[in-house]
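Letter by letter, the sequence shown follows residues 3 to 417 of the working numbering.
Glycine included, C-beta positions come from ideal geometry on N, C-alpha and C.
Everything numeric in this text was worked out from a predicted model, so none of it was measured.
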Amino acid sequence: MAKKGTFNGSFFSNFASRLHGTPVRFGLLLGQQVEGGLGDVVFAAPTPAQLGEDGEPAAVPKDTAALLRSSTGGVAFAEWAVQHAEAVRKLLPAGLEPLGCFTVASEASAKDLAPLLAPILRGFSEPLVLSIDPSTRKNTFWQLAVCAKPALRPAQMKADSYKEFLLLWTVTNIDVMVPQYSADDGIEKVAREVSRAVTESLKSSIVTIASDGGVAQVVDWKSESSLASAAAKDCQQLRVAFLRRGNGPFGQGSVRQRCVMAASALLLRRNGELREAVAKLREELAASAAERVRLALEECEQPGKLLNLPWRSLFTPQDLELPLWVGDYCMPDESHSAARERLGQLLCMPEEALSQAPEHLDEHIIFTAKHAGTYSAKELEKPAAAPAKPQQKAPLAVCLGLVVLLVAVAIPRLL
């Protein structure tokens, strides 16, 4: 039996009209993978125009095939599109990812684009392609076969409103013990170690879920209970808490780095298992912790200085009608407006079309309220001076013996 999928009817019903008259010819389809299906396409993000030598957006060819073959400043558009997909992937909440692409082309022309689309979508699992006829504004979904002879085949997709969606969200404190070290292993290895350590800590935690005003329930990892059994039919959000007892010892000359992390997972259906949904949220927290350390190390200008982990600013596109929180990382001296500007550029939408997350998902508000004066890392008292050592080759970073303390932030109500 042929696989089937769905698309967000409210978003794509007028998507072609929104693109009409604009230079947009290509972009990403974003949604959720579905076991045994083609996936659920929630929304789309046009790929920004490449920048010319003057730093301004280069002119976009009107012909999609010409665009896919083009290059600007020595960078092929195909490579640019892959980079855009990787950047957008980091913005999305747990469970959402790029599922394919859209092109502005007639059905007949779209079929000839398969060889040009294959290099961009090679890393995707069963990629989808949406062709939008510029004359009739007709939407046609295809499935791309990435093989020796790439080809587009019709895909069975139907509109859906996703009225049974359920949002899982969490706000968690993470305390990291950070010593000085020589980063011969590189930033990426440190980031991977952070992800591993946070994952292990989360797996050893007691996990609870609670609806607005409801009593918290402990998640049973041995149970195959569905999301539908965990939330009442009229419940649209569940707060997830990761609870762990105890604290780790401070090492001499260490720095305690505090960070508040907000994360969410949007489930479009409730037939999946609760434990699998919570696992997605856990993976999102670990990936976010690693990304914060990676960015902090990259932004640290001078070796030997203290690290300031970035915080994440969350927004949702207003026309989605779903609580889909995309986020960008901000350094301590940045505000929500900086994140809104970057998100607007990456998603190719006006800044005013992005709505900021409520206070219970605002990391900056929560951290400054609960940990006033402790955003920046503070150095502990050091032992007596030791003989001089060669200058450190890298800034402060997370050691391989990472100590992580996870404590759920108490939030009385969903705002």
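Measure how close the beta-carbons of G329 and L316 come, nearest whole angstrom, since I'm counting them as under 8 Å.
Against the sequence shown, residue 329 aligns to sequence position 327. Against the sequence shown, residue 316 aligns to sequence position 314. Confirmed, about 4 Å.
In angstroms with no decimal places, state the Cα-to-Cα distance between A288 and I176.
Here residue 288 refers to the residue found at position 286 of the sequence shown. Here residue 176 refers to the residue found at position 174 of the sequence shown. Their backbone Cα atoms lie some 11 Å apart in a straight line.
Using only the alpha-carbon positions, how far apart do G89 and E301 sit?
The count along the sequence shown starts at 1 and reaches residue 89 at position 87. The count along the sequence shown starts at 1 and reaches residue 301 at position 299. Note on residue identity: the sequence assigns Ala, not Gly, to residue 89. Their Cα atoms are separated by approximately 17 Å.
Name the DSSP beta bridge partners of S73, please?
Looking up residue 73 in the sequence shown gives position 71. Answer by DSSP bridge pairing, in chain order: A78.
Quick one: is S256 buried, meaning 16 or more other Cβ sit within 10 Å of its Cβ, or exposed?
Translated into the one-based positions of the sequence shown, residue 256 becomes position 254. With a pLDDT of only 48 at S256, under 50, the local geometry of the prediction cannot be trusted, and no value is derived from it.
Please classify K282: does DSSP put it in a helix, a strand, or coil?
Looking up residue 282 in the sequence shown gives position 280. Looking at K282 - three-state DSSP - the assignment turns out to be helix.
Considering only their Cβ atoms, is the gap separating G97 from K282 smaller than 8 Å?
Taking the sequence shown and counting its residues from 1, the one referred to as residue 282 is at position 280. Taking the sequence shown and counting its residues from 1, the one referred to as residue 97 is at position 95. Yes, the pair counts as a contact, with Cβ atoms nearer than the cut-off.
Check each candidate in F45, K5, K6, A212 and name the one with the smallest Cα separation from S12.
For this step, residue 12 is matched to residue 10 along the sequence shown. Nearest C-alpha to S12: F45.
Going by DSSP, what residue range makes up the beta strand (DSSP E) through G57?
Walking along the sequence shown from the start, residue 57 turns up at place 55. Taken as a continuous stretch (DSSP letters only), G57 belongs to no beta strand (DSSP E), as it is neither H nor E.
What span of residues does the alpha helix (DSSP H) with L345 cover, start to end?
Mapped onto the sequence shown, residue 345 falls at position 343. Note, L345: alpha helix (DSSP H), 338 to 349.
Please classify P129 as buried or exposed, where buried requires at least 16 neighbouring CB atoms within 10 angstroms.
In the sequence shown, counting from the first residue as 1, residue 129 sits at position 127. Per the 10 Å Cβ criterion, buried.
Is DSSP giving T210 helix, strand or coil here?
On the sequence shown, position 208 is the one that residue 210 refers to. Three-state DSSP puts T210 in a strand.
Output the distance between the C-alpha atoms of L204 and R246, rounded to the nearest integer angstrom.
Within the sequence shown, residue 204 is the residue found at index 202, counting from 1. Within the sequence shown, residue 246 is the residue found at index 244, counting from 1. Cα to Cα, L204 sits roughly 8 Å from R246.
Closer than 6 Å by C-beta to E286: which residues in its own chain qualify, once you throw out the five before and the five after it? Chain order, please.
Along the sequence shown, read from residue 1 onward, the residue named residue 286 stands at position 284. Result list for E286: A96, A265, in chain order.
CB L21 to CB L70, shorter than 8 Å?
One-based indexing of the sequence shown puts residue 21 at position 19. One-based indexing of the sequence shown puts residue 70 at position 68. No. Outside cutoff.
Is it true that the stretch 136 to 149 meets the stretch 49 to 63, where meeting means three or more beta-carbon pairs spaced less than 8 Å apart?
No, because fewer than three Cβ pairs between the stretch 136 to 149 and the stretch 49 to 63 fall closer than 8 Å, the two stretches do not touch.
What residue does the beta strand (DSSP E) around L245 start on, and which one ends it?
Within the sequence shown, numbered from 1, the residue matching residue 245 stands at position 243. Segment 239 to 245, the beta strand (DSSP E) holding L245.
Distance, Cα to Cα, A18 vs S127?
Locating residue 18 in the sequence shown gives position 16, counting from the first residue. Locating residue 127 in the sequence shown gives position 125, counting from the first residue. The alpha-carbon atoms of A18 and S127 are separated by roughly 25 Å.
Mind checking W313: buried by the 16 CB within 10 Å criterion, or exposed?
The count along the sequence shown starts at 1 and reaches residue 313 at position 311. Buried: at least 16 other Cβ atoms inside 10 Å.
In the DSSP assignment, the alpha helix (DSSP H) including R194 goes from what residue to what residue?
The residue you call residue 194 lines up with position 192 of the sequence shown. From DSSP, the alpha helix (DSSP H) with R194 extends over 189 to 205.
Figure out for me which residue from T142, K160, L118 has the closest Cα to the Cα of C149.
For the purposes of this step, residue 149 is identified with residue 147 of the sequence shown, where counting begins at 1. It is L118 whose Cα lies nearest to the Cα of C149.
Over what stretch of residues does the alpha helix (DSSP H) that includes P117 continue unbroken?
Start at 1 with the first residue of the sequence shown, and residue 117 comes out as number 115. Run containing P117: 116 to 123, per the alpha helix (DSSP H) assignment.
Please check the pair P50 and H86, which I expect to be a contact at CB under 8 Å, by giving their CB distance rounded to whole angstroms.
As a working mapping, residue 50 is identified with position 48 in the sequence shown. As a working mapping, residue 86 is identified with position 84 in the sequence shown. Confirmed, about 7 Å.
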